[in-house]
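For reference, each letter of the sequence shown is one residue, going 35 to 384 in this note's numbering. Yeah, the Cβ is synthetic: ideal placement off N, Cα and C, and Gly gets one too.
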Amino acid sequence: MIWVTWRQFRGTILLGVLAPLLLATAIAAVTFLADRLGSNYVLFRCFGLSTTTCLTESSLTLASLATIALPVVLGVFVGVTAFSRDIERRTHVLGLTQAVGRMRWYWTRVLVVFTPIVLAMVVLGYVVLWSRFGTSPFGSSFVDAFYSRLEFPTFGTIGVVPAGYTALGLVIGSTAALLLRNTIGAMVVTMVATVAVIIAFPSLVREHYATPEVDRLTLEMSESGRSVAYEVAPSDVQRASWMVDSYYADVAGRRIDLPYDACSSEDDIWPDPREDETTADYNDRVDAFLTARSEARVACLTELGADHYEHLLFEDRMLWRFQFTETALCLLLSALLAGGSTLAVRRLRP
């Protein structure tokens, strides 16, 4: 049965495996090219440096975004067609009348067709991880320096998560094909369902994988309105954390929901430089303006019961815990769907 399945779907399997592997090869090649052309400060390559360097970085960003689209594409064109073509043509009757059990017929296709593709996506995920974060503490694109690796869409393009999404997309496709028994309808359902799952994980589920850390700021710090520029060595740069919530809190740490315009001032207009004013004098006047504004806001917030400002966040060190958790959830959902699909398989008539 394994050999028969391979002979029937070898073209589909090869295309499904080659798509992520070729994309991984292209990403690796562009990464080597970018490393040879660019400086050590990857973040600023697109500002005043060569067009070739900027183009290579843009290519890496687009390729990594293509990685998160592959689970949807593979689910639609591989997961669905692994069953829908035979069912529509009724050629599945031949297999089910040759002393082949229904469960064997189903699980052989799932394992032989889907497993190599999922493994190829593991390779792609690790290549994307290396290309974007393995050569620089900043990452290989502008946004990598400011957004956490735990956030969408970066998280879904690196490590083992693309493989988890692909496994789920393939099983969603096969389930839709067995239930609807119509290729076009199953493709539409698969596309919508897989996209919904990929969006639901970061927006609804991921922040519950662990308890977030609490970063507390005094009101004086949170309302200062100042930014500080400083220089650090690339080896000392910390990857960005994923902030999931922020709010004012009272002395006991209870959340305080304040109106958006609370403690705002209509006279809060940034001072413009005067014609007869030196730069030093203007800077002193701006400092005085910021200090007065900060003190007024702190006093107002204190009257409303606020004691400090809290950020709920996950540090980058949680990456692999989140990666394996989300992948395990995808595989669990895939197993449940596949188990449910066996009920539809039992309904197939030879």
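In terms of alpha-carbon separation, which member of the options lies closest to residue i?
i      : options                           : result
Ala340 : Gly45, Ser375, Thr376 and Ala283  : Ala283
Leu253 : Glu309, Thr101, Ser275 and His345 : His345
Gly109 : Pro293, Ala197, Leu251 and Phe189 : Ala197
Leu99  : Phe189, Val320 and Thr209         : Phe189
Tyr281 : Val222, Trp139 and Leu347         : Leu347
Ala58  : Thr312, Val223 and Leu153         : Leu153
Ile121 : Val161, Phe111, Leu214 and Thr101 : Leu214
Arg380 : Thr245, Arg138 and Ser92          : Arg138
Arg327 : Asp315, Met255, Thr209 and His242 : Met255
Thr46  : Leu55, Phe111 and Ala97           : Phe111
Ala362 : His342, Glu311, Gly374 and Arg240 : Arg240
Leu212 : Pro54, Gly168 and Val114          : Val114
Val223 : Ile233, Ala210 and Ala234         : Ala210
Leu338 : Val226, Tyr181, Gly135 and Val285 : Val285
Ser93  : Ser118, Arg119 and Val64          : Val64
Leu370 : Gly135, Trp164, Arg41 and Ser208  : Ser208
Pro236 : Thr217, Pro187, Thr325 and Val226 : Pro187
Phe167 : Ala314, Asp350 and Ala378         : Asp350
Pro54  : Met155, Glu329, Arg119 and Glu311 : Met155
Val231 : Gly219, Thr325, Gly374 and Ile206 : Ile206
Phe66  : Trp164, Arg41, Gly135 and Leu56   : Trp164
Ser182 : Asp310, Ala322, Thr325 and Ala274 : Ala274
In its own chain, which residues sit with a C-beta less than 7 Å from the C-beta of residue i, not counting the 5 before and 5 after it?
i      : result
Val229 : Val106
Val320 : Pro305
Val161 : Ala58, Ile61 and Ala62
Tyr316 : Pro307
Arg289 : Tyr281 and Ala283
Thr376 : Met137 and Tyr140
Ala263 : Low per-residue confidence applies at Ala263: pLDDT is 41, beneath 50, and the placement is therefore not dependable, though the value from the model is reported in the following sentence. Correct list: empty, nothing qualifies.
Asp279 : Leu346
Val332 : Leu253, Glu254 and Glu257
Leu96  : none
Ala352 : For clarity, residue 352 is Met in the given sequence; the question names Ala instead. The answer, listed in chain order, is Leu184 and Ala244.
Val248 : Glu344 and Leu346
Ala372 : Val144 and Val205
So residue i is in the beta strand (DSSP E); what residue range does that whole segment cover?
i      : result
Val278 : Trp276 to Ala283
Glu247 : Glu247 to Thr252
Phe158 : In the sequence under discussion, the amino acid at residue 158 is Leu, which differs from the Phe named in the question. Segment Thr149 to Phe167 is the alpha helix (DSSP H) holding Leu158; no beta strand (DSSP E) there.
Tyr387 : This structure does not reach residue 387, given that the chain is present from 35 up to 384, and the question cannot be answered.
Beta-carbon within less than 6 Å of residue i's beta-carbon, same chain only, minus the 5 sequence neighbours each way: which residues are those?
i      : result
Trp354 : none
Gln34  : Past the boundaries of the shown model lies residue 34; the chain is included only from 35 to 384, so the question cannot be answered.
Glu185 : Trp276
Tyr243 : Phe356 and Thr359
Pro378 : The residue asked about is misnamed: residue 378 is Ala in this sequence, not Pro. Cβ neighbours of Ala378 beyond the five flanking positions: Leu212 and Leu213.
Met221 : Val110 and Val114
Glu329 : none
Ala227 : Ile206
Give every residue of the same chain whose Cβ lies closer than 8 Å to the Cβ of residue i, excluding the five residues on either side of it in the sequence, and list them in chain order.
i      : result
Thr142 : Met35, Ile36 and Thr39
Leu13  : Residue 13 is absent from the structure shown; the chain starts at 35 and stops at 384.
Phe43  : Ala116, Arg143, Val146 and Val147
Gly159 : Thr101, Thr191, Ile192, Gly193, Val194, Val195, Pro196 and Ala197
Phe81  : Per-residue confidence for Phe81 stands at a pLDDT of 48, beneath the threshold of 50, marking its modelled position as unreliable; the derived number appears in the next sentence. Answer for Phe81: no residue qualifies.
His342 : Arg250, Leu251, Thr252, Leu253, Ser256, Tyr282 and Ala283
Thr217 : Val114, Thr115, Ser118, Arg119, Glu122 and Ala211
Gly374 : Thr209
Met225 : Val106, Gly109 and Val110
Over the uninterrupted alpha helix (DSSP H) stretch that includes residue i, give me the two end residues.
i      : result
Leu212 : Val195 to Leu214
Arg119 : Thr115 to Arg123
Tyr140 : Arg136 to Arg143
Gly219 : Thr217 to Ala234
Inter-stretch contact at 8 Å, needing at least 3 Cβ pairs: the segment 196 to 210 / the segment 104 to 111: Counting C-beta pairs closer than 8 Å gives three or more between the segment 196 to 210 and the segment 104 to 111, which meets the contact rule.
Tell me the start and end of each unbroken beta strand (DSSP E) in the segment 304 to 360 that is at least 3 residues and wholly inside, in chain order. 342 to 348
Just checking, does the segment 292 to 306 make contact with the segment 358 to 366 on the three C-beta pairs under 8 Å criterion? no
Cβ pair count under 8 Å reaching 3, the segment 144 to 151 against the segment 45 to 64: Using a Cβ-Cβ distance cut-off of 8 Å, the segment 144 to 151 and the segment 45 to 64 are in contact, since at least three pairs of beta carbons, one from each stretch, lie closer than that value.
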